[in-house]
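Residue numbers (the working numbering): 1 to 285. The block underneath contains the structure these notes are about, expressed in structure tokens.
Okay, here's the thing in structure tokens:
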């Protein structure tokens with residue numbers, strides 16, 4: 001069962017890594033992409049839950065509020081994740097997002113009133129250094145700098161979402177959690193889309209369906225489902241490879257060649273995150 005979960009989370013991370021390509025291929029804003037992404041994902045998940053006769057009833061009334069919060073955070077996460085790549089490059093967006101497991105390591109002690117460790121502080125300093133290395137020019141007018149800032153916001157939102165999902169993974173199936181969160185993400189984005197309408201082409205719509213079904217519905221469900229079989233620390237280690245998938249795919253498909261600075265920064269950040277996650281996993285054994 002554990003090996004199956006490891007396979008699931010690896011496949012999920014690979015599919016997540018493909019999302020950066022769609023940010024470049026689809027000719028609408030990150031808000032528009034996110035809206036259609038969660039709409040098509042919700043339809044897919046709703047169909048699956050109906051055919052598989054999943055019990056989608058809420059266990060507690062308060063769960064609806066928590067799902068609403070998670071759905072709103074998820075929408076913000078994907079807007080910033082895709083936005084970082086549209087502003088800069090897939091490499092910059094992926095590298096910035098890859099800091100999320102370390103942010104999670106910092107946020108968890110704060111939220112659950114645990115004493116922070118000195119090793120986490122050192123890891124944070126090294127990750128910040130890795131991020132700084134990737135920035136060619138420190139100016140708000142520089143698109144790479146903007147991409148890093150938006151990417152870091154994406155990482156923070158995903159770290160918060162990961163903690164919030166702890167409430168659900170033991171009581172709901174992965175696809176049911178995904179259905180609620182992505183369905184609510186679609187609902188909360190309707191006012192935004194009405195205020196800032198988008199006009200995707202037929203080609204865009206095909207890509208949006210693929211993104212919604214494979215890199216969202218299936219990927220998100222696989223990742224959440226794996227958390228009931230493996231630890232969050234193990235999932236975090238695997239998730240650290242998402243930026244690698246993103247950079248390699250962008251190089252092969254989009255011909256985006258990462259700079260030496262980006263490669264050095266990525267190696268430092270991913271290395272620190274993996275070492276930190278392994279240390280955390282050993283502490284919980």
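Where a beta carbon is used, it is the ideal one built from N, C-alpha and C, also for glycine. Predicted model only: the values in this text are computed from it and were never measured.
Residues near residue i in its chain [Cβ-Cβ closer than 7 Å; skip 5 each side]
{"i": "residue 83", "result": "30, 150"}
{"i": "residue 245", "result": "13, 14, 17"}
{"i": "residue 10", "result": "238"}
{"i": "residue 49", "result": "56, 175, 176, 179"}
{"i": "residue 35", "result": "186, 189, 193"}
{"i": "residue 69", "result": "164"}
Reduced DSSP secondary structure (H/G/I, E/B, other) of residue i
{"i": "residue 109", "result": "helix"}
{"i": "residue 98", "result": "coil"}
{"i": "residue 191", "result": "helix"}
{"i": "residue 166", "result": "helix"}
{"i": "residue 143", "result": "helix"}
{"i": "residue 12", "result": "helix"}
{"i": "residue 37", "result": "helix"}
{"i": "residue 29", "result": "coil"}
{"i": "residue 294", "result": "In the structure displayed, the chain extends from 1 to 285; residue 294 sits before or after that span and is not available."}
{"i": "residue 230", "result": "coil"}
{"i": "residue 181", "result": "helix"}
{"i": "residue 275", "result": "helix"}
{"i": "residue 24", "result": "helix"}
{"i": "residue 255", "result": "coil"}
{"i": "residue 172", "result": "coil"}
{"i": "residue 196", "result": "coil"}
{"i": "residue 4", "result": "helix"}
{"i": "residue 135", "result": "coil"}
{"i": "residue 241", "result": "coil"}
Contact set for residue i: own chain, Cβ-Cβ below 8 Å, skip 5 residues either direction
{"i": "residue 80", "result": "30, 150, 151, 153, 154, 157"}
{"i": "residue 38", "result": "74, 75, 78, 182, 183, 185, 186, 189, 212, 216"}
{"i": "residue 235", "result": "9, 223, 226, 227"}
{"i": "residue 167", "result": "63, 66"}
{"i": "residue 230", "result": "2, 5, 6, 9"}
{"i": "residue 251", "result": "257, 258"}
{"i": "residue 40", "result": "208, 209, 211, 212, 213, 216, 217"}
{"i": "residue 72", "result": "184, 185, 188"}
{"i": "residue 61", "result": "none"}
Cβ pair residue i, residue j closer than 8 Å
{"i": "residue 101", "j": "residue 239", "result": "yes"}
{"i": "residue 98", "j": "residue 224", "result": "no"}
{"i": "residue 148", "j": "residue 256", "result": "no"}
{"i": "residue 175", "j": "residue 58", "result": "no"}
{"i": "residue 254", "j": "residue 21", "result": "yes"}
{"i": "residue 159", "j": "residue 107", "result": "yes"}
{"i": "residue 262", "j": "residue 95", "result": "yes"}
{"i": "residue 133", "j": "residue 264", "result": "yes"}
{"i": "residue 249", "j": "residue 130", "result": "no"}
{"i": "residue 87", "j": "residue 143", "result": "yes"}
{"i": "residue 28", "j": "residue 191", "result": "no"}
{"i": "residue 247", "j": "residue 219", "result": "no"}
Neighbourhood of residue i by C-beta distance below 6 Å, restricted to the same chain and skipping five residues each side
{"i": "residue 19", "result": "215"}
{"i": "residue 26", "result": "33, 204, 207"}
{"i": "residue 221", "result": "174, 175, 178"}
{"i": "residue 85", "result": "20, 23, 93"}
{"i": "residue 136", "result": "144"}
{"i": "residue 127", "result": "99, 102, 269, 272"}
{"i": "residue 42", "result": "182, 183, 186"}
{"i": "residue 146", "result": "87"}
If you scan the segment 31 to 94 from start to end, which runs of the alpha helix (DSSP H) of 4 or more residues do you find wholly inside it? Secondary structure within the segment 31 to 94: the alpha helix (DSSP H) runs of 4 or more consecutive residues, fully enclosed, are 62 to 87 (chain order).
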